[in-house]
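Inspection log for the structure reproduced underneath, given as C-alpha cells.
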Amino acid sequence: MERSSWFNSLVKNERRRTIVVILLWAGSIASIFAQAVFQRTTLTALDYGLGFLVSLAAGAITLDIGKAVLGYIFAMTLALAILFFLSIVPALTGAIQPPGDVFVETLWISIIFRIVLPFQFMLFLVGAVIGAIAGENYFY
Amino acid sequence: MGGRDLLTLVFVISTIASSAVAGAYTYNYYQFYPGLRSIELKVHSFQYNPTNTSLNGQVVFTIENPSSYSGFTMTEVLTSYDITPPGEGPIPQGLMLYELGRSVALTPGKITSLNMPFTGTGNGPNIVYNMIQNQQATQSQFIFNYRVEVYVSTFMDTYASVIILFACTTQGTTGECQQGEIALATTGPSSNGGGGGGA
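The listed protein sequences derive, respectively, from chains A and B. Numbering-wise, this note's numbering puts 122 at position 122 of the first sequence, and it's gapless, one number per residue. Numbering-wise, this note's numbering puts 61 at position 61 of the second sequence, and it's gapless, one number per residue.
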C-alpha cells in the first residue's frame with residue numbers, strides 16, 4: 001500500500017512522527033476524558049480500557065521505552081490542559097457569573113485530578129511501556 | 001506501508017473519531033449552565049381561607065425546563081415563606097412541608113406542578129384572620145413571600161450538588177417568581193461539608 005502525500009508528510013522523519021504521535025495521544029486521551037467527565041464526571045471500565053489501548057498503540061509507534069515515557073508525560077500534560085480548558089470555557093465566556101466562575105474552575109481542577117491520579121495515570125503509563133516493548137520487538 | 005505506518009494511520013483515524021464523539025458531549029456540557037439558568041418556576045394558582053388557627057391555603061407552582069438540555073432531575077423542593085400584612089412587617093411562617101415523593105426529570109418543555117397546601121404557624125393565622133374580621137385589611141392585601149429551593153440532580157452529582165433558588169410573591173390570586181442564585185456545593189468524598197459558589 002502506497003502512502004498518501006498527507007500521511008507521508010506526517011511521518012516524514014522520526015522526529016516529526018514522534019511529535020505527531022504525542023499530539024494524537026494527547027487528543028485521544030483528552031477525548032476519552034471529555035466524553036466521560038461531561039457525561040458523568042467519572043471514568044468507566046471502558047474508558048480505562050480505551051485509554052490503555054491508546055497508550056499501548058502510542059507506545060508501540062514510538063518504539064522506545066524512554067521516548068514512550070517522556071511522550072506520555074507530554075501527552076498527558078497536554079491532554080489535561082485541553083480538558084481543563086474545555087471544562088472552564090463557560091466560566092471564561094461569561095456563561096457563569098462571578099463568583100461561581102472561580103468556584104467552577106476550582107471544582108474542575110479537583111474533578112480532573114481525582115479521576116487521573118494515581119491509578120489511571122499509572123495504568124496508561126504501563127500501557128505505554130508495554131506498547132514500547134512490543135513495538136521494539138515487533139516493528140524492528 | 002509497514003505495520004508501524006498502518007498503526008499510525010489507525011491512530012490518526014481513531015483520534016479524529018474520538019474527538020468527534022467528545023465534541024458532541026462537550027457541546028452538550030456547554031448547554032448545561034445556560035440550561036440551569038433558564039429553569040422557570042411560576043405561580044400557577046394561589047388561594048387561602050383563613051381561620052384563627054389555620055390559613056387553609058394552597059399554592060400551586062409550576063416548574064419548567066425550557067432549554068434543550070435534558071440532564072436535570074428535581075430531587076427535592078424546600079419552601080419557606082412569610083406573610084406581609086398591609087403596613088406591617090413580614091411574619092415568618094417557617095418551612096412549607098412538601099414531599100416530592102420521587103425524583104422528577106425536568107424534561108425539556110414539560111411542565112411539572114408542585115401543589116403545596118399550607119396552614120401557617122405561630123400567631124400568623126390568627127393575625128391574618130383578625131385583621132380580615134376587623135376589616136383592617138382585605139384578604140387580597142396580604143402579600144405572601146416564598147423562598148423556594150429546588151435541588152437538582154445533574155451529571156456532576158458525584159462532586160457537586162446544584163440548588164436553584166427562587167423568590168416568589170403572591171398577592172390576591174396571582175403571583176410571580178424570579179430565579180435567584182444557583183448554588184453549587186461540593187459533595188465529593190474528600191470535601192468537608194462542601195464549599196459553594198453561585199453559578
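Think of the CB as a built atom: it goes at the ideal place given N, C-alpha and C, for glycine as much as any other residue.
1) Give, in chain order, every unbroken run of the alpha helix (DSSP H) that is at least 4 residues long and sits entirely within the stretch 16 to 101 of chain B.
2) Report the option in B:Val148, B:Met156, B:Ser67 and B:Thr187 whose CA atom is closest to the CA atom of Glu176 of chain B.
3) For a contact meaning CB atoms closer than 8 Å, what does Val148 of chain B contact in chain A?
4) If you measure from the beta carbon of Tyr138 of chain A to each beta carbon in chain B, is any gap under 8 Å?
5) Please state the DSSP three-state secondary structure of Pro90 of chain A.
6) DSSP has Thr174 of chain B in a bridge; who is on the other side?
7) Quick one: what does DSSP say Asn8 of chain A is sitting in, helix, strand or coil?
8) Label Met96 of chain B either buried or exposed according to how many other C-beta atoms from any shown protein chain fall within 10 Å of its C-beta, with 16 as the threshold for buried.
9) Cβ atoms of Ile39 of chain B and Leu106 of chain B: under 8 Å apart, would you say?
10) Between the stretch 150 to 164 of chain B and chain A, which residues of the former have a C-beta closer than 7 Å to a C-beta of the latter?
11) Relative to the ligand FMN, is the shortest distance from any of its heavy atoms to the C-beta of Leu114 of chain B smaller than 7 Å?
12) Let's see if you can read the secondary structure: which residues bound the alpha helix (DSSP H) around Ile143 of chain B?
13) Classify Met116 of chain B as helix, strand or coil using the three-state DSSP reduction.
14) Under 8 Å, Cβ to Cβ, is there at least one residue of chain B near Phe103 of chain A?
15) Return the chain-ordered list of same chain residues with a C-beta closer than 6 Å to the C-beta of Trp25 of chain A, the five sequence neighbours on each side being excluded.
16) Where Pro85 of chain B and Val77 of chain B are concerned, what is the direct C-alpha to C-alpha distance, given to the nearest angstrom?
17) DSSP state of Pro99 of chain A, grouped into three classes?
18) What residues of chain B sit near Leu86 of chain A, judged by a beta carbon separation below 7 Å?
19) Please determine, among A:Asp47, A:Gly71 and A:Ile22, the residue with the shortest C-alpha to C-alpha distance to Ala34 of chain A.
20) Measure the alpha-carbon distance for Gln58 of chain B versus Gly87 of chain B and round it to whole angstroms.
21) Arg17 of chain A versus chain B: which residues are under 8 Å apart at the beta carbon?
22) Listing by chain order, which chain B residues have their CB less than 8 Å from the CB of Val21 of chain A?
23) Just grab the DSSP bridge partners of Ile182 of chain B for me.
24) If you measure from the beta carbon of Val126 of chain A to each beta carbon in chain B, is any gap under 8 Å?
25) Are the Cβ atoms of Val162 of chain B and Leu184 of chain B separated by less than 8 Å?
26) Are there three or more Cβ pairs, one per stretch, closer than 8 Å when the stretch 68 to 84 of chain A is compared with the stretch 118 to 132 of chain A?
27) Identify, in the order they occur along the chain, each residue of the same chain with its Cβ nearer than 6 Å to the Cβ of Phe11 of chain B, setting aside the five sequence neighbours on each side.
Taking the structure as given:
1) 32 to 38
2) One-based indexing of the second sequence puts residue 176 of chain B at position 176. For Glu176 of chain B, the nearest C-alpha among the options comes from B:Val148.
3) Indexing the second sequence from 1 puts residue 148 of chain B at position 148. Neighbours of Val148 of chain B on chain A: none; closest Cβ ~20 Å, over 8 Å.
4) In the first sequence, the residue the question calls residue 138 of chain A occupies position 138. Answer yes: the Cβ-Cβ gap between Tyr138 of chain A and chain B drops below 8 Å somewhere.
5) Taking the first residue of the first sequence as 1, we reach residue 90 of chain A at position 90. Reduced to three states, the DSSP call for Pro90 of chain A is helix.
6) Numbered from its first residue, the second sequence carries residue 174 of chain B at position 174. According to DSSP, Thr174 of chain B bridges with B:Gln171.
7) The residue you call residue 8 of chain A lines up with position 8 of the first sequence. The answer is helix: DSSP assigns Asn8 of chain A an H, G or I state.
8) What you label residue 96 of chain B is simply residue 96 of the second sequence in a count that begins at 1. Its Cβ being crowded by 16 or more others within 10 Å, Met96 of chain B is buried.
9) Residue numbering aside, residue 106 of chain B sits at position 106 when the second sequence is read from its first letter. Residue numbering aside, residue 39 of chain B sits at position 39 when the second sequence is read from its first letter. Yes.
10) Phe155, Met156, Thr158, Tyr159 and Ala160
11) The ligand FMN is not part of the structure shown, which contains no ligands of any sort.
12) Your numbering for residue 143 of chain B matches position 143 in the second sequence. Looking at the DSSP string, Ile143 of chain B is not in any alpha helix (DSSP H); the run it does join, the beta strand (DSSP E), is Ile143 to Ser153.
13) On the second sequence, residue 116 of chain B is found 116 positions in, with the first residue counted as 1. Of the three classes helix, strand and coil, the one that applies to Met116 of chain B here is strand, per DSSP.
14) Residue numbering aside, residue 103 of chain A sits at position 103 when the first sequence is read from its first letter. Answer yes: the Cβ-Cβ gap between Phe103 of chain A and chain B drops below 8 Å somewhere.
15) The residue labelled residue 25 of chain A in the question sits at position 25 within the first sequence. Cβ neighbours of Trp25 of chain A beyond the five flanking positions: Ala58 and Ala75.
16) For the purposes of this step, residue 85 of chain B is identified with residue 85 of the second sequence, where counting begins at 1. For the purposes of this step, residue 77 of chain B is identified with residue 77 of the second sequence, where counting begins at 1. Rounded to the nearest angstrom, the two C-alpha atoms are 26 Å apart.
17) Start at 1 with the first residue of the first sequence, and residue 99 of chain A comes out as number 99. Coil at Pro99 of chain A, not helix or strand.
18) For this step, residue 86 of chain A is matched to residue 86 along the first sequence. Neighbours of Leu86 of chain A on chain B, chain order: Thr26.
19) Within the first sequence, numbered from 1, the residue matching residue 34 of chain A stands at position 34. Checking every option, the nearest Cα to that of Ala34 of chain A belongs to A:Asp47.
20) The sequence position of residue 58 of chain B within the second sequence is 58, counting from 1. The sequence position of residue 87 of chain B within the second sequence is 87, counting from 1. Roughly 24 Å between the two C-alpha positions.
21) Within the first sequence, numbered from 1, the residue matching residue 17 of chain A stands at position 17. By Cβ distance, chain B contributes Thr8.
22) The residue you call residue 21 of chain A lines up with position 21 of the first sequence. In chain order: Thr8 and Phe11.
23) Indexing the second sequence from 1 puts residue 182 of chain B at position 182. Paired residue(s): B:Ile164.
24) Translated into positions along the first sequence, residue 126 of chain A becomes position 126. So no, Val126 of chain A is outside the interface.
25) Here residue 162 of chain B refers to the residue found at position 162 when the second sequence is read from its first residue. Here residue 184 of chain B refers to the residue found at position 184 when the second sequence is read from its first residue. For Val162 of chain B and Leu184 of chain B, yes; Cβs fall inside 8 Å.
26) yes
27) In the second sequence, counting from the first residue as 1, residue 11 of chain B sits at position 11. Excluding residues within five positions, none has a Cβ falling inside 6 Å.
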